[in-house]
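Residue numbering for the sequence shown follows our numbering, beginning at 5 and increasing consecutively.
We put the beta carbon where it would ideally sit given N, CA and C, even for glycine.
Working notes for the structure below.
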Amino acid sequence: MKSPTKGDLIKISDYIWEIPRSFREDMRVPARIFADGKMLDDILEDKSLWQLVNVASLPGIYKYSLAMPDIHEGYGMPVGGIAAFDYKEGIVSPGICGYDINCLHPKTKILLNHGTYLEIKDLKPGFVISFFKTQGKILDLAKIIFVLKRKDKEIYRIETKLGNEIFITEDHPVYTIEGMKEVKNLFLGEKILIYPFKGVKYKKPKKKLILDEKKFIDFCLNIGFKDSSNKLTQVLNYLKKRKLIPLYVNSPYLPYILKIFGYALGNGIISESVSCLSIWGRLEDLRKIKKDLKILKVESLISKRKRKHRVINSYGKEYIFETIEYNLRTSKSFALLLGALGYPFGKKITKKFLLPKWFEDLRLWQKRLFLAGFLGAKISIPKVFQGHKFNFYLLTLNINKDANLIENGIKFMNEIKKLLQEFGIETTEIKIIKKLGLKEKIIGLRFQIKSNIENLIRFFEKVGFEYNKKKQEINNLALAYLKYKLKIIKQREEIKVGNPLKEWEKVFVSPFINTRFLKRSIYENIPNTKIAFNFYTFDDFVKNFNYKNGFLIDDIEKIEKLNYDGHVYDLTIDHPEHNFIANNFVVSNCGVRLAVTDLDYEEVKDKIPKLTEEIFKQVPSGVGRGGFWKLNNDEMKKVLENGAQYILELGYGEKEDLVATESFGKLDGADAEAVSKTAKDRGRDQLGTMGAGNHFVEVQRVQEIFDEEIAKKLGLEKGKIAILIHCGSRGLGHQVASDYIRQALNYLDKEKIELVDRELAYFPYSHPNGQAYLSAMKAAANFAFANRHLILHQARKAFKKVFGQEIKLKQVYDVAHNIIKIEEYDGKKLIIHRKGATRAFWKGHPELSEKYKNIGQPTLIPGSMGTSSYILIGQELAKEISFGSAPHGAGRVMSRAEAKRKVKGSELKKELEKRGISVAAGSMSGLAEEAPLAYKDVSEVVEVVDKIGIAKKLAKLVPVGVIKG
Numbered sequence: 005m006k007s008p009t010k011g012d013l014i015k016i017s018d019y020i021w022e023i024p025r026s027f028r029e030d031m032r033v034p035a036r037i038f039a040d041g042k043m044l045d046d047i048l049e050d051k052s053l054w055q056l057v058n059v060a061s062l063p064g065i066y067k068y069s070l071a072m073p074d075i076h077e078g079y080g081m082p083v084g085g086i087a088a089f090d091y092k093e094g095i096v097s098p099g100i101c102g103y104d105i106n107c108l109h110p111k112t113k114i115l116l117n118h119g120t121y122l123e124i125k126d127l128k129p130g131f132v133i134s135f136f137k138t139q140g141k142i143l144d145l146a147k148i149i150f151v152l153k154r155k156d157k158e159i160y161r162i163e164t165k166l167g168n169e170i171f172i173t174e175d176h177p178v179y180t181i182e183g184m185k186e187v188k189n190l191f192l193g194e195k196i197l198i199y200p201f202k203g204v205k206y207k208k209p210k211k212k213l214i215l216d217e218k219k220f221i222d223f224c225l226n227i228g229f230k231d232s233s234n235k236l237t238q239v240l241n242y243l244k245k246r247k248l249i250p251l252y253v254n255s256p257y258l259p260y261i262l263k264i265f266g267y268a269l270g271n272g273i274i275s276e277s278v279s280c281l282s283i284w285g286r287l288e289d290l291r292k293i294k295k296d297l298k299i300l301k302v303e304s305l306i307s308k309r310k311r312k313h314r315v316i317n318s319y320g321k322e323y324i325f326e327t328i329e330y331n332l333r334t335s336k337s338f339a340l341l342l343g344a345l346g347y348p349f350g351k352k353i354t355k356k357f358l359l360p361k362w363f364e365d366l367r368l369w370q371k372r373l374f375l376a377g378f379l380g381a382k383i384s385i386p387k388v389f390q391g392h393k394f395n396f397y398l399l400t401l402n403i404n405k406d407a408n409l410i411e412n413g414i415k416f417m418n419e420i421k422k423l424l425q426e427f428g429i430e431t432t433e434i435k436i437i438k439k440l441g442l443k444e445k446i447i448g449l450r451f452q453i454k455s456n457i458e459n460l461i462r463f464f465e466k467v468g469f470e471y472n473k474k475k476q477e478i479n480n481l482a483l484a485y486l487k488y489k490l491k492i493i494k495q496r497e498e499i500k501v502g503n504p505l506k507e508w509e510k511v512f513v514s515p516f517i518n519t520r521f522l523k524r525s526i527y528e529n530i531p532n533t534k535i536a537f538n539f540y541t542f543d544d545f546v547k548n549f550n551y552k553n554g555f556l557i558d559d560i561e562k563i564e565k566l567n568y569d570g571h572v573y574d575l576t577i578d579h580p581e582h583n584f585i586a587n588n589f590v591v592s593n594c595g596v597r598l599a600v601t602d603l604d605y606e607e608v609k610d611k612i613p614k615l616t617e618e619i620f621k622q623v624p625s626g627v628g629r630g631g632f633w634k635l636n637n638d639e640m641k642k643v644l645e646n647g648a649q650y651i652l653e654l655g656y657g658e659k660e661d662l663v664a665t666e667s668f669g670k671l672d673g674a675d676a677e678a679v680s681k682t683a684k685d686r687g688r689d690q691l692g693t694m695g696a697g698n699h700f701v702e703v704q705r706v707q708e709i710f711d712e713e714i715a716k717k718l719g720l721e722k723g724k725i726a727i728l729i730h731c732g733s734r735g736l737g738h739q740v741a742s743d744y745i746r747q748a749l750n751y752l753d754k755e756k757i758e759l760v761d762r763e764l765a766y767f768p769y770s771h772p773n774g775q776a777y778l779s780a781m782k783a784a785a786n787f788a789f790a791n792r793h794l795i796l797h798q799a800r801k802a803f804k805k806v807f808g809q810e811i812k813l814k815q816v817y818d819v820a821h822n823i824i825k826i827e828e829y830d831g832k833k834l835i836i837h838r839k840g841a842t843r844a845f846w847k848g849h850p851e852l853s854e855k856y857k858n859i860g861q862p863t864l865i866p867g868s869m870g871t872s873s874y875i876l877i878g879q880e881l882a883k884e885i886s887f888g889s890a891p892h893g894a895g896r897v898m899s900r901a902e903a904k905r906k907v908k909g910s911e912l913k914k915e916l917e918k919r920g921i922s923v924a925a926g927s928m929s930g931l932a933e934e935a936p937l938a939y940k941d942v943s944e945v946v947e948v949v950d951k952i953g954i955a956k957k958l959a960k961l962v963p964v965g966v967i968k969g
């Protein structure tokens, strides 16, 4: 579908333009734009008008789709857009009420449960994936709620220092050490989090029987465990109740059994009397086993004891030492289950055993679980040579065996070697080692993982370790180190071929490849390329790149935008963190409120820096930042259904605040039950917090008054201090939209409805899901009202602390920017969608409180950071031509990434402070991305609105303090 050009627009007036219905055959109404000629040129540079035309094609749309002068490209509908739909025949669309999705290339590998992965295009709701849990900085698991896909024409390629690569859209968040950041906001050298382990591709297991009731009973009888006193019956019922008998290859419990079987084979024993399975190891590792046993509903107990050890090495040297040993024990029933599956009873040194035959039916990822558990217990820990700290010792697997069972021991070791070979991992020949100084006739058997870089990478990347936290962490560090080392070696090898010296210097000169090496490589033909001696030792690499628990810090080395024509994908999980591991990368509604004081700027200007810092302390800010209050379920329900009114009941804020809030701070019809648990969890600790991006709190000075009479009624005087708050419903509102977009897409598929842009997915207004979405959207709006109400309360505390007394902050107004409401125009009941647009009701409107009935509704239009903001008053013309709406801000014209390339946050801070504007910011990069040059001139936006006549200028405010996430 083509995008409109300037030639397609009809000029209605100097400030009103229209794209006629004839532009595209699917348009049901025209598309209208409020802008002057200069703004129009900027608007035509992105997809805003194409999106506006798409909105004009939706069912039930009335009169025209409309864009304000601050229009810019958004999700589905442009930001700064308004759409009205017929009350009976119209729709509600979650995507065009302030929402965005961000996506990945279809071949992006997503790390799942059990050390598996799948490409994102192959994922479905219900899959369990791995994610980074910020509390504890650990890898955790969550279910996929839904998967989204859409078409895109551009994609970014990111490459990192350690050799990781991802293809991703510009709006997708990536986890940096400063928190989540959208791709377009990243810069070269930015430090991001990675999780190097890749795992094995998931393949659905076969439905093949491993153990049924008859086989289990036969096994028990063969070992002499009879049904005396109904013991066997009790054991059988115990296992059947837990769905561990019958056991199939595709049982959801088999992965846990395989890991435990493997680890116990290395560090465990089932006594001859079959009293229990006993496993020993580090406390943190045994706790992980206990957690997995709990999934199987198998009871276990961890105990500790002091143990003396006497070890004689192969040279006859004796070592005696004492340790604290931790031990985990399970029930007899579970021990019998493992025995029936092939686990040997008694001392394994004296027992003849091999891997169970049923292993042959396992998928590769299932075999990995056994191997990683076994090697987690038995193989040596990865370690570098003391004298040459670039290379690793061979990983060594040792087992002891009774000399009479040497043949069985060799067969078992060969089976382990064969399993490793299935992963492409090469091993040495098995060595027989005579044990000295032992009474029993014991021999040792040993083989090693070959230490060439590619082979070790395959082992660390595909197999790794289970139930051994220390080895798992070193596994990921060693993997990243070796991949980085291999990358540098390959670069050094490339130099030997082809290009002239000057060309290679442009590409390869780095701390590890200098000009001298380039010259020798080209002109002296050096054989056997090695790593440079100034390359990181492994210990130095760990100091520089280790983060925590297997996660590493990596640097962005390259970001490039690519043309693309295909689908991109995103997913949502049932956890408030909302992140996941993609190609080793960790990848994650608003409004405005103004209050004015009696403080005169000239009298208090020396205290503004202190006030700015104090507000920054009182109002937590930044992506994902939580606040001082974590809502319980009852409190969350009351916030969602009663908004700011509930917060006032608790003693926060003032009664007059509600009178000066749209809908008195509460939308009727909100239903907390319509909001998912995931959405509630995301918002649970975010009340009274600001977020990041273009959300902010500003301390302002009233610079100019355009209507003294109305300004006086609102408490506005020239030179007085005011505070402007711009934020919304945080992660809760975003999740509400995500939840209902998924349902709306399902509705479209079920009804076989085709849309030009699936981002406009909708429900009919009368559909049960449409009504449920409206209830949830109202609840999210109530959360936003409550949030701004609480932030103003916190700001009042900051004023009191700085000035030593209660300072009256009189609220001028609070209005939503992203909302759906039922309103009347042209004598018709309509469903109004405002996306980045402000309600601008005229005097006499029945929804206005008495305070505003005779003057009209204040319309708050914040500018970009460091520039002026405006208060306007809604006019009656808005009823006729703009569905009672006005702009919501300046409107972005430059991406955040471009802004950061052109502006340094630290320099911008200095520039603002030179102009008398105090700055408190969570990050300098966040400051730079909101630089004034990234936005349209808000004065021009306001001028268009004023000239058209839908709202009139009342006051101009300028910032004296900026608080940002």
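- DSSP state of residue 182 mapped onto helix, strand, coil: Taking the first residue of the sequence shown as 1, we reach residue 182 at position 178. Residue 182: coil per DSSP, three-state reduction.
- Query: Looking only at its own chain, which residues have a Cβ that is under 6 Å from the Cβ of residue 311, when we skip the five neighbours before and after it?
  - Reply: Counting from 1 along the sequence shown, the entry for residue 311 is found at position 307. Excluding sequence neighbours, residue 311 sits near 327 and 329.
- Find out if the Cβ-Cβ distance for the pair residue 490, residue 556 is shorter than 8 Å. On the sequence shown, residue 490 is found 486 positions in, with the first residue counted as 1. On the sequence shown, residue 556 is found 552 positions in, with the first residue counted as 1. The answer is no: Cβ separation not under 8 Å.
- Message: Assuming residue 841 is part of the beta strand (DSSP E), what are its boundary residues?
- Response: If you number the sequence shown from 1, residue 841 lands on position 837. It spans 841 to 843 - the beta strand (DSSP E) in which residue 841 sits, taken as one unbroken run.
- Task: Return the first residue and the last residue of the alpha helix (DSSP H) that residue 613 is part of.
- Result: Reading the sequence shown from its first residue, position 609 is the one you call residue 613. That run of the alpha helix (DSSP H) goes 612 to 622.
- Within 10 angstroms of its Cβ, does residue 465 collect 16 or more other Cβ (buried), or is it exposed? The sequence position of residue 465 within the sequence shown is 461, counting from 1. The residue is buried, with at least 16 neighbouring Cβ atoms inside 10 Å.
- Query: Taking Cβ positions, are residue 605 and residue 948 nearer each other than 8 Å?
  - Reply: Here the question's residue 605 lines up with position 601 in the sequence shown. Here the question's residue 948 lines up with position 944 in the sequence shown. Contact: no.
- Message: From the DSSP secondary-structure annotation, give me the bridge partner or partners of residue 962.
- Response: Reading the sequence shown from its first residue, position 958 is the one you call residue 962. 705, per the DSSP bridge assignment.
- Can you tell me whether DSSP reads residue 313 as helix, strand or coil? Taking the sequence shown and counting its residues from 1, one reaches residue 313 at position 309. Reduced to three states, the DSSP call for residue 313 is strand.
- Task: Pull up the distance between the alpha-carbon of residue 924 and that of residue 700, whole angstroms please.
- Result: Taking the sequence shown and counting its residues from 1, the one referred to as residue 924 is at position 920. Taking the sequence shown and counting its residues from 1, the one referred to as residue 700 is at position 696. Spanning the two alpha carbons is a distance of roughly 10 Å.
- Query: Smallest Cα separation from residue 874: which of 115, 66, 575 and 702?
  - Reply: For this step, residue 874 is matched to residue 870 along the sequence shown. For residue 874, the nearest C-alpha among the options comes from 702.
- Note down, in chain order, each residue of its chain lying with its Cβ closer than 7 Å to the Cβ of residue 215, except the 5 sequence neighbours on either side. Along the sequence shown, one-based indexing puts residue 215 at 211. Contacts found: 249, 250, 251, 344 and 345.
- Query: Tell me, which residues are paired with residue 724 by DSSP?
  - Reply: Working through the sequence shown from its first residue, we reach residue 724 at position 720. The secondary-structure analysis by DSSP pairs residue 724 across a beta bridge with 604.
- Message: Can you tell me where the beta strand (DSSP E) holding residue 816 begins and where it ends?
- Response: Within the sequence shown, residue 816 is the residue found at index 812, counting from 1. It spans 814 to 820 - the beta strand (DSSP E) in which residue 816 sits, taken as one unbroken run.
- Completely contained alpha helix (DSSP H) runs for the stretch 24 to 105, where each covers 4 or more residues: 41 to 47 and 52 to 59
- Message: For residue 420 and residue 237, what's the separation of their Cα atoms in angstroms?
- Response: To locate residue 420, count along the sequence shown from 1; it is residue 416. To locate residue 237, count along the sequence shown from 1; it is residue 233. Approximately 36 Å, taken between the alpha carbons.
- How many angstroms separate the CA atom of residue 268 from the CA atom of residue 640? On the sequence shown, position 264 is the one that residue 268 refers to. On the sequence shown, position 636 is the one that residue 640 refers to. Cα atoms of residue 268 and residue 640: separation of roughly 45 Å, rounded to the nearest angstrom.
- When every heavy atom of the ligand FAD is checked, does at least one fall within less than 7 Å of the C-beta of residue 543? As far as ligands go, the structure on display features none, and thus does not contain the ligand FAD.
- Task: Assign residue 700 to one of three DSSP states: helix, strand, or coil.
- Result: Looking up residue 700 in the sequence shown gives position 696. Correct three-state label for residue 700: strand.
- Could you check the C-alpha separation between residue 283 and residue 272 for me, to the nearest Å? Reading the sequence shown from its first residue, position 279 is the one you call residue 283. Reading the sequence shown from its first residue, position 268 is the one you call residue 272. Near 4 Å, if we compare the C-alpha coordinates of residue 272 and residue 283.
- Item | Where residue 956 falls: helix, strand or coil (DSSP) | Residue mapping note: residue 956 aligns to position 952 of the sequence shown, counting from 1. Strand at residue 956.
- Message: Helix, strand or coil for residue 734? Go by DSSP, reduced to three states.
- Response: Walking along the sequence shown from the start, residue 734 turns up at place 730. Collapsing the DSSP output to three states places residue 734 in a helix.
- Message: On the CB-based measure, 16 or more other CB atoms within 10 Å of its CB, does residue 770 come out buried or exposed?
- Response: Here residue 770 refers to the residue found at position 766 of the sequence shown. A residue is called buried when at least 16 other Cβ atoms come within 10 angstroms of its Cβ; residue 770 does not meet this threshold and is exposed.
- Decide if residue 370 is buried, meaning its Cβ has at least 16 other Cβ atoms within 10 Å, or exposed. Numbered from 1 along the sequence shown, position 366 holds the residue referred to as residue 370. It is buried - the Cβ of residue 370 has at least 16 other Cβ atoms within 10 Å.
- Message: Rounded to whole angstroms, what is the Cα-Cα separation between residue 970 and residue 279?
- Response: Because the chain here runs from 5 to 969, residue 970 falls outside it and cannot be looked at.
- Task: Please classify residue 846: does DSSP put it in a helix, a strand, or coil?
- Result: Along the sequence shown, one-based indexing puts residue 846 at 842. DSSP places residue 846 in coil when its eight states are reduced to three.
- Query: Over what stretch of residues does the alpha helix (DSSP H) that includes residue 791 continue unbroken?
  - Reply: In the sequence shown, residue 791 corresponds to position 787, counting from 1. Element bounds for residue 791: 772 to 807.
- Task: Compute the distance between the beta-carbons of residue 479 and residue 201, then report whether it is under 8 Å.
- Result: Stepping through the sequence shown from its first residue, residue 479 is reached at position 475. Stepping through the sequence shown from its first residue, residue 201 is reached at position 197. Yes; because the gap between Cβ atoms is below 8 Å, this pair is in contact.
- Message: Residues in the same chain with beta-carbon distance under 7 Å from residue 469, minus the five sequence neighbours each way, listed in chain order, please.
- Response: Start at 1 with the first residue of the sequence shown, and residue 469 comes out as number 465. So the qualifying residues of the chain are 376, 379, 380, 475, 476 and 479.
- Helix, strand or coil for residue 259 per DSSP? Translated into positions along the sequence shown, residue 259 becomes position 255. Helix.
- Within this structure, are the beta carbons of residue 172 and residue 162 separated by less than 8 Å? Here the question's residue 172 lines up with position 168 in the sequence shown. Here the question's residue 162 lines up with position 158 in the sequence shown. Yes, the pair counts as a contact, with Cβ atoms nearer than the cut-off.
- In chain order, which continuous runs of the beta strand (DSSP E) of length 3 or greater are located wholly inside the stretch 249 to 294? 272 to 274 and 281 to 285
- Rounded separation between residue 117 and residue 291 - CA only: Locating residue 117 in the sequence shown gives position 113, where the first residue counts as 1. Locating residue 291 in the sequence shown gives position 287, where the first residue counts as 1. One C-alpha to the other measures close to 18 Å.
- Message: Please classify residue 790 as buried or exposed, where buried requires at least 16 neighbouring CB atoms within 10 angstroms.
- Response: Along the sequence shown, read from residue 1 onward, the residue named residue 790 stands at position 786. By the neighbour-count rule (16 or more Cβ atoms within 10 Å), residue 790 is buried.
- Query: Can you list the beta strand (DSSP E) stretches of 3 or more residues lying completely in the stretch 531 to 577, in chain order?
  - Reply: 550 to 552 and 555 to 577
- Where residue 626 and residue 735 are concerned, what is the direct C-alpha to C-alpha distance, given to the nearest angstrom? Here residue 626 refers to the residue found at position 622 when the sequence shown is read from its first residue. Here residue 735 refers to the residue found at position 731 when the sequence shown is read from its first residue. Only weak support is given to the placement of residue 626: the predicted model assigns it a pLDDT of 43, under 50, and the value that follows is read from those uncertain coordinates. Roughly 12 Å separates the two Cα atoms.
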